[in-house]
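Undergrad:
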Amino acid sequence: MSNNRNKKRGRGRGRGRRYSPDEQISRSLSYHLRHNKSLELDPQGYYPVSKILLLDGLTNFVEEDVKRCVASNKKQRFKLKEEDNILYIKANQGHSRVIEKLELTPITNKNIPPICVHGTYRNAFNKIKQKGLSKMKRTHIHFAPNVPGKGEVISGMRQNCPIQIFINVEMAMNDGIKFFQSENKVILTTGNEEGFLLKKYFLKVVETKTNKKLQF
1 MSNNRNKKRG RGRGRGRRYS PDEQISRSLS YHLRHNKSLE LDPQGYYPVS KILLLDGLTN
61 FVEEDVKRCV ASNKKQRFKL KEEDNILYIK ANQGHSRVIE KLELTPITNK NIPPICVHGT
121 YRNAFNKIKQ KGLSKMKRTH IHFAPNVPGK GEVISGMRQN CPIQIFINVE MAMNDGIKFF
181 QSENKVILTT GNEEGFLLKK YFLKVVETKT NKKLQF
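Residues 1 to 216, numbered by the UniProt record's numbering, are exactly what the sequence shown covers, in order.
Laid out in structure tokens, this is it:
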């Protein structure tokens, strides 16, 4: 089903490995719906499936492949809707462009999540210790609402992150930092005016495998 052209859309970690058809679809959808600024998404971030199948990495797939990928995606990265017999798809979060009416639930004092954790890597943690967490090129900083168990997939955090940063959401909110939750339960914040969530809001930082506390 997939050829060499469709294997080109393999960004970031894992470069050079072979992907299953559904992995290829998911990676290509993620890139286009989150980061391809040439796409004219609607205010909620939706784009016609018929058009996205014409783009790099997706030309050898059909609508049924996309439906299967969305239904089986453990992190629930995408959402489909049908209007006037046209099927549309959007990414639930992770954008590097502003989506005006992205469906997010504001977190208030009445629904503060008991756990808010950011997974990261050792080289990134050295930078985090200097200024805190940064949204970087994305519109939000991402957090998971729980710690993944062995083999468990949780939206908002990679399974192989060796470091976990736990956040005091209530303290940050009291200082005016706004938090939201996406439709697939990822916790999001834009941080302060500079796009950072400062270290003073860190409850603790631990090694994933040993639960050993780390200095920050």
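Backbone N, C-alpha and C fix where the C-beta goes; we use that ideal spot for every residue, glycine too.
Only a predicted model underlies this, so the values are computations on that prediction, with no experimental measurement involved.
With DSSP collapsed to three states, give me the class of residue 21.
TA: helix
Undergrad: Among residues of its own chain, excluding the 5 on either side of residue 55, which ones have a beta-carbon nearer than 7 Å to its beta-carbon?
TA: 32
Undergrad: Can you tell me which of 172, 129, 180 and 45 puts its alpha carbon nearest to the alpha carbon of residue 164?
TA: Distances from the alpha-carbon of residue 164 to those of 172, 129, 180 and 45 put 129 closest.
Undergrad: Which full runs of the beta strand (DSSP E) of 3+ residues lie inside the segment 129–166, going along the chain?
TA: Listed in chain order, they are 141–143.
Undergrad: Quickly, what does DSSP pair residue 86 with across the bridge? List them, please.
TA: 83
Undergrad: Which same chain residues end up closer than 8 Å to residue 88 when comparing Cβ atoms and leaving out the 5 residues on each side of it in sequence?
TA: Taking residue 88 as the centre and dropping the five residues before and after it, the same chain places the C-beta of 42, 46, 47, 48, 49, 80, 81 and 82 closer than 8 Å to its C-beta, in chain order.
Undergrad: May I have a chain-ordered list of the beta strand (DSSP E) segments no shorter than 3 residues that lie completely inside the segment 50–114?
TA: For the beta strand (DSSP E) assignment, the uninterrupted runs of no fewer than 3 residues enclosed by the segment 50–114 are, from N- to C-terminal side, 78–83 and 86–91.
Undergrad: What do you get for residue 65, buried or exposed, if any count of 16 or more other CB atoms within 10 angstroms of its CB means buried?
TA: buried
Undergrad: Does residue 115 have its Cβ less than 8 Å from a Cβ in chain B?
TA: Annotation note: the requested chain B is absent from the structure, which comprises a single protein chain.
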